[in-house]
Amino acid sequence: MPSIRDSILADIHAKKIQPRPRWQYILLHAGLWTSGIVTIVLGSFACALMILEFSLPERAYFRWMEMNASPWFAALPYLWGIGMIAVLTIGYFIFSKTGRSYRFHAGAIVVLLIVWSFVGGEITYISGFAQRGDHMIQRFQPSYREFREGFQHMIPRPEEGILPLLVTQIEWEEIQGNGPDGQEWQVILKCGTDACLKRQALILLHRPAIFEGKIREEHVFDAFEVLFPGEDLHVKIRKNIPPRGATVFH
Amino acid sequence: MLELSDAELVRKTLENADNYWLIIDRFEQPLLRYIGRMTSASHEEIEELGQIVFIKAYRSLNGFDTHLKLSSWLYRIAHNACVDYLRKSSKKNHVSLDSDDTDSQALIEKIASDENIALYLTREAQKDGVQEIVHMLPEKYRVVMILYFLEEKSYEEISDILQIPVNSVWTLLNRAKKHFMALTQEPQFSHLFTYA
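Residue numbers (the working numbering), protein chains in the order written: chain R, 438 to 687; chain A, 2 to 197.
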C-alpha cells in the first residue's frame with residue numbers, strides 16, 4: 438500500500454490547516470474543574486446547614502423556609518443539581534474527545550459528587566462554618582433572625598417552664614441530660630412515660646429534647662410534656678401561648 | 002534513530018507541521034489495515050479515510066491527552082471515521098476480514114488459543130466458515146473481536162478506542178466469544194468445527 442504521508446502533508450500546507458488552539462482545551466478543562474468545585478462547595482454548605490438544622494431542637498431554618506421561602510436559599514439544592522449536570526455535560530464534551538471519563542459511569546460520578554458534598558458538609562459543620570453561615574443568613578434575612586431569636590429567648594429558661602436538654606440517660610419516668618447551663622439535670626416525667634415518650638424514647642438518647650414543666654429543686658425538673666425536635670414549640674412561641682410550666686412562675 | 006515517545010512526537014509536530022510525518026509513518030500501516038478490516042472498502046477509499054483520520058488528528062493535536070496512548074487515540078479517530086463511513090455508505094453489514102487473506106487464519110488461531118475457547122475449537126476450522134460467522138456477529142461484537150484478536154489491543158486500549166468502560170469491554174468480548182461459539186454449532190457450520 439503506497440504511503441499517504443506526502444499527500445497529507447501537502448494537504449496541511451495547501452489548506453493551511455492548523456491544530457485547534459490550546460486555550461480552547463484549557464478553557465474546557467477549567468470549566469469542568471470549576472463547575473466540579475463549585476458543585477462540591479455548594480453541596481458541602483447545603484449539607485453542613487442540614488446537619489446544623491438536624492442538631493438543633495426546633496429546626497428553625499426549615500420552619501422559617503416554609504413560612505418565608507427565600508428564592509436564593511430555596512434554590513440551593515437546585516443549584517447543587519444544576520452544578521452536577523454542568524460537571525457531567527462539560528465532562529462528557531471534554532472526555533469524549535480527549536480524556537477517559539468513559540471509563541467511569543455517569544452514575545458513579547454523580548455518587549462521588551454527592552459523597553464528596555456530604556464529606557465536605559461534615560467537615561464544614563465540624564469546623565464551624567455552618568454556624569457562621571447560619572449567622573450570615575440571620576444578618577441578611579432579618580425575618581429569619583427574628584424567628585431564631587424567638588427561640589433563643591424562650592428556650593434556655595427552665596425557670597420559665599422550658600428546659601432544653603441533651604439527653605444522656607433514660608430510665609423509667611426519669612431522664613438525665615446536660616442542660617443549657619452546662620450542668621446535669623434530672624427530669625421527672627409527670628405525664629407518664631407512655632404518654633410522654635411513646636416510641637420516640639429510643640431516638641431521644643444522646644439527642645436534644647425540650648421539656649415543659651417546672652423546676653422542683655436545683656437541677657431537678659418536673660416535666661408535663663416532652664417536645665421532640667421540630668415539634669410544637671415554635672407554634673406556641675409564634676402564637677404567644679405560654680408553655681405550661683411558665684404559668685407556675687408568673 | 003531512537004524511537005520517540007508519544008508526547009515527543011506530538012510536541013515535535015506542534016512545533017513544526019512537517020514533523021507530522023513521524024506520526025504518520027509510525028501509525029499509517031496499522032490504521033489503514035484497521036480501516037480496511039472495519040469497512041472492507043477499496044484501497045482508494047481506505048487511503049481517503051486514512052487521510053481524513055490523520056487530518057482530523059492533526060487538527061485536534063492540542064487536545065491529545067498524554068495519559069492516553071497515541072495509538073489508542075488515533076484508533077479512536079479512525080474508528081469514528083469508519084462508523085461515519087459505514088453509516089453513509091450501504092456497507093453496513095460488510096465489516097469483513099477480506100482486506101487481508103491471512104486475517105481469517107489469524108483469527109482462527111487466536112480464537113482457538115483463547116483460554117475460554119481452546120477446549121472446544123480445533124485449529125482445523127475452515128477459514129470461510131470463520132469469516133461467515135464473523136460476518137454474522139452483531140457489529141459491536143465484531144469490532145471488539147477485531148480489536149482484541151487481530152489488532153491485539155488490550156482491554157484498556159479497546160476501552161480508549163471504543164470509549165466504553167473496561168468492564169464493558171470484558172463483557173462485550175465474552176459475549177462475542179459465546180456468540181461466536183453458538184454460531185459454530187449452527188447446522189450450516191457444525192461440520193466445519195470439531196469439538197474436544
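Ideal Cβ positions, reconstructed from N, Cα and C, are used throughout, including at glycine. Because the structure is a prediction, the values reported are computed rather than measured.
Asked, Found
"State the beta-bridge partners of residue 659(R) as determined by DSSP.", "625(R), 651(R)"
"Tell me whether residue 61(A), by its Cβ, gets closer than 8 angstroms to a heavy atom of the ligand COA.", "For the structure depicted, the ligand COA is absent and the ligand set is empty, with no information on it obtainable."
"Check whether chain R comes within 9 angstroms of residue 19(A), counting only Cβ atoms and requiring the distance to be less than that.", "yes"
"Quick one: grab the DSSP three-state call for residue 187(A).", "coil"
"Give the residues of chain A in contact with residue 454(R), contact being defined as C-beta atoms less than 7 angstroms apart.", "56, 59, 60"
"Counting C-beta neighbours from all protein chains within 10 Å, is the total for residue 619(R) 16 or more, i.e. buried, or is it exposed?", "exposed"
"Does any CB atom of chain A fall closer than 9 angstroms to the CB of residue 446(R)?", "yes"
"What first and last residue would you give for the alpha helix (DSSP H) that runs through residue 51(A)?", "44 to 60"
"Output yes if chain R places a C-beta closer than 9 angstroms to the C-beta of residue 26(A); else output no.", "yes"
"Just how far apart, CA to CA, sit residue 603(R) and residue 655(R)?", "18 angstroms"
"Does the beta carbon of residue 171(A) come closer than 9 angstroms to any beta carbon on chain R?", "no"
"Cα separation between residue 612(R) and residue 487(R)?", "27 angstroms"
"Tell whether a beta-carbon distance below 9 angstroms holds between residue 21(A) and residue 50(A).", "no"
"Please determine if the segment 15 to 32 of chain A and the segment 41 to 49 of chain A are in contact, where contact requires at least 3 C-beta pairs separated by less than 8 angstroms.", "no"
"If you draw a straight line from the C-alpha of residue 485(R) to the C-alpha of residue 555(R), how long is it?", "8 angstroms"
"At a Cβ threshold of 9 angstroms, is residue 63(A) touching chain R?", "yes"
"At what residue ranges does the segment 130 to 161 of chain A contain a whole run of the alpha helix (DSSP H), taking only runs of 4 or more?", "140 to 146"
"At a CB-CB cut-off below 9 angstroms, which residues of chain R make contact with residue 15(A)?", "456, 459"
"Would you say residue 52(A) lies against chain R (beta-carbon separation less than 9 angstroms)?", "yes"
"Is there at least one Cβ from chain R nearer than 9 angstroms to residue 29(A)'s Cβ?", "yes"
"Tell me where the beta strand (DSSP E) around residue 16(A) begins and ends.", "No beta strand (DSSP E) holds residue 16(A); the alpha helix (DSSP H) holding it covers 7 to 16."
"Taking the alpha carbon of residue 166(A) as the reference point, which residue from 622(R), 609(R), 545(R) has its own alpha carbon closest?", "545(R)"
"Under 8 angstroms Cβ-Cβ, which residues of chain A neighbour residue 449(R)?", "18, 21, 56, 59"
"Is residue 441(R) close to chain A? Criterion is C-beta to C-beta, closer than 9 angstroms.", "yes"
"Buried or exposed: where does residue 526(R) fall if 16 or more other Cβ atoms within 10 Å of its Cβ makes it buried?", "exposed"
"If I measure Cβ to Cβ from residue 147(A) and keep anything under 6 angstroms in the same chain, skipping five residues before and after, which residues do I get?", "38"
"DSSP state of residue 549(R), grouped into three classes?", "helix"
"Tell me the rounded alpha-carbon separation between residue 483(R) and residue 557(R).", "10 angstroms"
"With a threshold of 9 angstroms between beta-carbons, can residue 48(A) be considered close to chain R, or not?", "yes"
"What's the C-alpha gap between residue 559(R) and residue 141(A)?", "45 angstroms"
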